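**Q**
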Amino acid sequence: KNQVEQSPQSLIILEGKNCTLQCNYTVSPFSNLRWYKQDTGRGPVSLTIMTFSENTKSNGRYTATLDADTKQSSLHITASQLSDSASYICVVGAGGGADGLTFGKGTHLIIQP
Amino acid sequence: GAGVSQSPRYKVAKRGQDVALRCDPISGHVSLFWYQQALGQGPEFLTYFQNEAQLDKSGLPSDRFFAERPEGSVSTLKIQRTQQEDSAVYLCASRGHSGNTIYFGEGSWLTVV
């Protein structure tokens, strides 16, 4: 069964600090890996999308990495801001029409002033 | 519209009542997805449309769940004889013909009492 595991489940850091969120997956076949940010009570918003051939992608203060060999991804947040408080969801696509997306449960990040 | 629009945003239904949730995708988007997100969990796939064709409904949990997109734009997710376990956020998402990014709506929060 395709699975996406994220760690930590929750994380609290001080404003201005950096942090790294982890994602391990067992999805086959592999097509792409996405990171989404979901604010409380809102829909997920896309941060990055990476295909098999890409091992890093940045979006402002967010940098995602992908190691397709070990089936691991990370999301690094630099110089955190209070607005970064949200759930960060790792999503792995198996391709096909419906993309065969498997969602992780998310890492709940809280930025404290 | 500029984004994926869902209505109602919040719905409280008595057990046994039928509900209908509406999704207005981004104009011109061919692909439309429905997901169910329980509290503290990642979204779970329900069904997928390409234009008006429902190409994948493997995620619908029972025959009480029915989705349609008769004209290839607006979609409706209908839940008949609601039960308490149907309480969740129902997310709609759309994707353009050539794009890879999947855009989510804000969700419809369903509570069955």
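Taken in sequence, the protein lines are chains A and B. Per our numbering, the very first residue in the first sequence carries number 367; after that it's consecutive. Per our numbering, the very first residue in the second sequence carries number -12; after that it's consecutive. Note that CB positions come from ideal geometry on N, CA and C, so glycine has one too. If you're wondering where the values come from, they're calculated on a predicted model, not measured in any experiment.
Give me the Cβ distance between A/Ala464 and B/Leu42, rounded to the nearest whole Å; I'm assuming they're in contact under 8 Å.
**A** To locate residue 464 of chain A, count along the first sequence from 1; it is residue 98. To locate residue 42 of chain B, count along the second sequence from 1; it is residue 55. Contact flag correct, Cβ pair sits at about 7 Å.
**Q** Check the Cβ of B/Gly3 against every Cβ in chain A and list those closer than 8 Å, keeping chain order.
**A** On the second sequence, position 16 is the one that residue 3 of chain B refers to. Simply none; closest approach about 27 Å.
**Q** Just to confirm before moving on: does the CB-CB distance between A/Leu377 and A/Leu475 stay below 8 Å?
**A** Counting from 1 along the first sequence, the entry for residue 377 of chain A is found at position 11. Counting from 1 along the first sequence, the entry for residue 475 of chain A is found at position 109. Yes; because the gap between Cβ atoms is below 8 Å, this pair is in contact.
**Q** Between which two residues does the beta strand (DSSP E) containing A/His474 stretch?
**A** Locating residue 474 of chain A in the first sequence gives position 108, where the first residue counts as 1. Looking at the DSSP string, the run of the beta strand (DSSP E) that includes A/His474 is 473 to 478.
**Q** Which two residues bound the contiguous beta strand (DSSP E) that contains B/Val(-9)?
**A** Taking the first residue of the second sequence as position 1, residue -9 of chain B is located at position 4. B/Val(-9) -> no beta strand (DSSP E), and no H or E assigned at all.
**Q** Restricting to Cα atoms, I'd like to know which of B/Gln23, B/Ala80, B/Gln70 is closest to B/His16.
**A** In the second sequence, the residue the question calls residue 16 of chain B occupies position 29. Of the candidates B/Gln23, B/Ala80, B/Gln70, the one whose C-alpha sits nearest the C-alpha of B/His16 is B/Ala80.
**Q** Could you check which residue in B/Phe36, B/Arg56, B/Ala40, B/Ser95 has the C-alpha nearest to that of B/Ser74?
**A** Along the second sequence, one-based indexing puts residue 74 of chain B at 87. Closest by alpha carbon: B/Ser95.
**Q** With a cut-off of 8 Å, does the C-beta of B/Gln28 fall near any C-beta of chain A?
**A** Within the second sequence, residue 28 of chain B is the residue found at index 41, counting from 1. B/Gln28 counts as touching chain A.
**Q** Using 8 Å as the threshold, is the segment 380 to 396 of chain A in touch with the segment 427 to 443 of chain A, meaning 3 or more CB pairs across them?
**A** With the cut-off at 8 Å, the segment 380 to 396 of chain A and the segment 427 to 443 of chain A touch.
**Q** Which term fits B/Arg(-4), buried or exposed, when burial requires 16 or more other beta carbons within 10 angstroms of its beta carbon?
**A** Counting from 1 along the second sequence, the entry for residue -4 of chain B is found at position 9. Exposed is the call here.
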